[in-house]
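Heads up: the sequence shown at position 43 corresponds to 114 in this note's numbering, and the numbers run straight through without jumps.
Notes for the one structure printed next.
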Amino acid sequence: MHELGITHEILEIVLRYARRHRVTQVSKVLLEIGELSDLEQEWIQHYFDAISRGSVAEGARIEVKKLPCRFFCRQCGNEFVTTLTNDEPLICYGCGSEAVEMISGSEYTVKSMEAT
Ligand SMILES: [Zn+2]
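If you want it as structure tokens, here you go:
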């Protein structure tokens with residue numbers, strides 16, 4: 072039920088934005104979600120439909136864009152972005168060290184929205 076809490080937060084951001092810009096109907100919400108997040112578009116849409124009923128965001132379509140993870144190398148301080156979809160070992164692009172930490176990959180942001 073993790074998605075429900077997050078969907079509430081997303082809706083709040085959308086409604087706050089809509090009020091500020093005097094939007095009367097939100098048609099689309101673009102979310103950026105870290106690749107490692109377990110958020111599923113289907114569930115977000117499902118919850119969003121339920122909790123946005125009666126608001127200006129009712130009926131808005133949720134679009135999700137997955138973002139690659141960002142890493143930081145403790146060895147050389149390099150920051151890099153990579154996707155974790157392949158089987159290659161995770162090493163620093165700068166020095167080849169394996170002492171890397173993920174600095175983002177499971178966050179989400181409301182990137183933009185469209186109004187009608
Ligand atoms: Zn490095």
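Just so you know, even glycine gets a beta-carbon here, dropped at the ideal spot from N, CA and C.
Looking only at Gln96, Ala186, Val181 and Cys144, the smallest Cα-Cα distance to Ile77 is reached by Val181.
When Thr153, Gln146 and Phe151 are compared, the shortest CA-CA separation from Glu169 is found for Gln146. Beta bridge pairing from DSSP links Ile133 with Val100.
Residue burial is scored here from C-beta neighbours: Cys144 has at least 16 other C-beta atoms within 10 angstroms and is therefore classed as buried. Within the model, the alpha-carbon separation for Leu101 versus Gly148 is close to 32 Å.
Taking C-beta atoms as the reference points, Ala131 and Lys99 count as a pair closer than 8 Å. Within the same chain, Ser168, Glu169 and Val171 come within 8 Å of Ile162 by CB-CB distance, once the 5 residues on both sides are set aside.
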